[in-house]
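*Asks:* In UniProt numbering, the protein residues as written are 1 to 409. We put the beta carbon where it would ideally sit given N, CA and C, even for glycine.
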Ligand SMILES: Cc1cc2nc3c(=O)[nH]c(=O)nc-3n(C[C@H](O)[C@H](O)[C@H](O)COP(=O)(O)OP(=O)(O)OC[C@H]3O[C@@H](n4cnc5c(N)ncnc54)[C@H](O)[C@@H]3O)c2cc1C
């Protein structure tokens with residue numbers, strides 16, 4: 001089983017897609033990988049990496065053709081993300097972050113607003129950021145406090161957004177707020193596109209963080225910001241519906257980043273094990289080390305199948321894509337954390353040094369378990385789905401008990 005395969009039975013690519021993937025493999029191997037450690041030392045936006053990806057058409061793959069993009073299949077996107085994440089989470093998150101920050105504009109902007117903004121995002125000339133989370137509301141969106149009040153010709157937005165990736169460089173923000181006189185909970189949420197220079201919008205300095213350096217986060221303050229009705233994305237109350245496609249894409253993206261990172265970690269660990277001599281032989285000649293590598297390789301391949309099949313479901317518009325995106329995200333990101341910890345153990349003290357990429361992988365791995373719905377949130381979604389599916393099925397044929405023997409009615 002190769003660590004990375006150009007061809008995978010679950011991920012058939014056509015000629016043009018295979019060429020694009022091969023180009024991205026060269027970028028990762030020759031340009032992004034060698035600079036990844038340096039990029040991760042400074043939490044300033046990684047412009048060089050972003051421009052490299054934009055100039056090779058990778059950013060454009062997230063956008064529709066009629067708006068200046070090349071609209072790649074989700075399958076090709078996860079293959080590209082996996083390749084890049086094998087060496088650099090920052091670069092991979094610049095690809096997935098484009099989905100998060102821009103797809104609500106694609107999904108909800110009027111044709112005029114989309115024509116003004118999306119081609120500039122697809123070319124990489126402009127940046128957008130997605131502002132949903134707040135100091136008091138992450139997993140529980142029912143607690144969002146940012147409010148939109150109807151005003152002559154539009155709305156006035158008031159509130160604070162926290163953890164906003166790209167806020168330091170964004171030219172525009174997708175802001176999700178609840179309508180002051182709309183229904184409560186996520187039903188009342190509405191999305192708006194707010195230009196950075198809108199009066200009353202300000203951004204905090206970059207907030208220092210553990211990893212994912214090169215894609216800084218900041219807070220965004222909305223102090224009575226006027227937004228014209230033409231900048232509402234979708235209908236009133238449709239904010240979460242607009243964001244739904246974005247969140248599914250971003251979840252599959254997180255799963256693909258984790259997949260790539262753990263594949264890279266395994267490669268590093270196996271290559272290290274082949275060289276590192278202890279008591280006269282390479283540590284990789286010990287059965288205990290080989291078993292560690294074998295366990296990791298088998299589990300990673302299972303995660304790869306989940307990620308590719310979630311991507312294929314997305315491309316087929318399968319109605320169960322969302323739950324499979326949750327399964328792939330939870331499984332791949334949790335496994336990645338474990339694999340990176342095991343690879344760190346295998347490298348011994350060297351794993352702890354900044355010169356080796358494993359400490360960077362370790363810091364970055366945590367984020368995939370948190371962003372776009374934590375592992376626990378996805379576990380809740382999957383658990384509820386399992387219960388619902390089971391209750392709609394006929395009783396298991398080997399289960400011939402009467403219901404009251406289960407303690408039920
Ligand atoms: C580096 C970084 C970048 C980010 N970028 C963005 C961005 O660009 N835009 C944006 O809007 N947001 C962004 N976020 C925010 C991110 O989406 C949230 O951090 C995430 O959704 C979790 O919310 P929270 O941090 O408020 O945690 P909480 O919701 O406070 O959760 C705390 C803990 O409780 C657990 N928990 C919550 N509910 C349940 C439950 N029902 N059952 C069991 N356990 C539960 C969680 O799993 C977690 O372990 C970013 C975050 C980080 C760290």
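#1: Residue 292 lies in the alpha helix (DSSP H); which residues open and close that run?
#2: Can the beta-carbon of residue 259 be found less than 7 angstroms from the beta-carbon of residue 372?
#3: Between 386, 180 and 43, which lies nearest to residue 237 when the distance is taken from Cα to Cα?
#4: At a cut of 8 angstroms, does the stretch 117-133 reach the stretch 286-299 through at least three beta carbon pairs?
#5: Rounded to whole angstroms, what is the Cα-Cα separation between residue 206 and residue 68?
#6: Whole angstroms are fine: how far does the CA of residue 22 sit from the CA of residue 99?
#7: Does the Cβ of residue 130 lie closer than 6 angstroms to at least one heavy atom of ligand 1?
#8: Tell me whether residue 30 is buried or exposed, calling it buried when 16 or more other Cβ atoms sit within 10 Å of its Cβ.
#9: Leaving out the 5 sequence neighbours to the left and right, which residues in its chain are closer than 8 angstroms to residue 315 when beta-carbon positions are compared?
#10: I need the DSSP call for residue 196, collapsed to helix, strand or coil.
#11: What is the rounded straight-line gap between the Cα of residue 253 and the Cα of residue 280?
#12: In the DSSP assignment, find the alpha helix (DSSP H) that holds residue 377 and state where it starts and stops.
#13: Are there three or more Cβ pairs, one per stretch, closer than 8 angstroms when the stretch 324-331 is compared with the stretch 344-351?
#14: What are the boundary residues of the beta strand (DSSP E) that includes residue 164?
#15: Starting from residue 228, follow its DSSP beta bridges and name the residues at the other end.
#16: Return the CA-CA distance between residue 246 and residue 118, expressed in angstroms with no decimal places.
#17: Under 6 angstroms from any heavy atom of ligand 1, does the C-beta of residue 134 make it?
#18: What is the DSSP secondary structure of residue 80, counted as helix, strand or coil?
#19: Taking C-alpha atoms, which residue in 330, 337 and 349 lies nearest to residue 383?
#20: Can we count residue 239 as close to ligand 1, meaning its CB is less than 6 angstroms from some heavy atom?
#21: Does the pairing of the stretch 9-16 with the stretch 304-312 give three or more beta-carbon distances under 8 angstroms?
#22: Okay, do the stretch 358-369 and the stretch 284-293 touch, 3+ Cβ pairs below 8 angstroms being the bar?
#23: Helix, strand or coil: how does DSSP classify residue 277 here?
#24: Do residue 177 and residue 218 have their beta-carbon atoms positioned less than 7 angstroms apart in this structure?
#25: Would you mind giving the Cβ-Cβ distance between residue 28 and residue 87, rounded to the nearest angstrom? I have them listed as a contact below 8 angstroms.
#26: Could you work out which residue in 231, 402, 250 and 243 is closest to residue 77 when comparing CA atoms only?
*Replies:* On the basis of the supplied data:
#1: Looking at the DSSP string, the run of the alpha helix (DSSP H) that includes residue 292 is 287-316.
#2: Not a contact, by the Cβ cut-off of 7 angstroms.
#3: Of the residues 386, 180 and 43, the one whose Cα lies closest to the Cα of residue 237 is 180.
#4: Between the stretch 117-133 and the stretch 286-299 there are fewer than three inter-stretch CB-CB distances shorter than 8 angstroms, so the stretches are not counted as touching.
#5: For residue 206 and residue 68, the distance between alpha carbons rounds to 31 angstroms.
#6: Distance between the alpha carbons of residue 99 and residue 22: 22 angstroms.
#7: Because some heavy atom of ligand 1 lies under 6 angstroms away, the Cβ of residue 130 counts as near it: yes.
#8: Taking a 10 Å sphere around the C-beta of residue 30, we find fewer than 16 other C-beta atoms and assign the residue as exposed.
#9: By the criterion of a C-beta distance shorter than 8 angstroms, residue 315 is surrounded in its chain by 73, 74 and 75, once the five residues flanking it on both sides are discounted.
#10: The answer is coil: DSSP assigns residue 196 none of H, G, I, E or B.
#11: Going by the C-alpha atoms only, they are around 43 angstroms apart.
#12: Following the DSSP letters along the chain, one finds residue 377 inside the alpha helix (DSSP H) bounded by residues 375-391.
#13: Touching, no.
#14: For residue 164, the uninterrupted beta strand (DSSP E) segment begins and ends at 154-165.
#15: 154, per the DSSP bridge assignment.
#16: Cα to Cα, residue 246 sits roughly 15 angstroms from residue 118.
#17: Result no, Cβ not under 6 angstroms from ligand 1.
#18: Assignment of residue 80 by DSSP, reduced to helix, strand and coil, places it in the helix class.
#19: Comparing Cα positions, the closest option is 330.
#20: Short note on residue 239: C-beta not closer than 6 angstroms to any heavy atom of ligand 1.
#21: A contact exists between the stretch 9-16 and the stretch 304-312.
#22: At 8 angstroms Cβ cutoff, the stretches do not touch.
#23: Strand.
#24: No.
#25: With a Cβ gap of about 5 angstroms, residue 28 and residue 87 count as contacting.
#26: Here the closest residue by C-alpha is 250.
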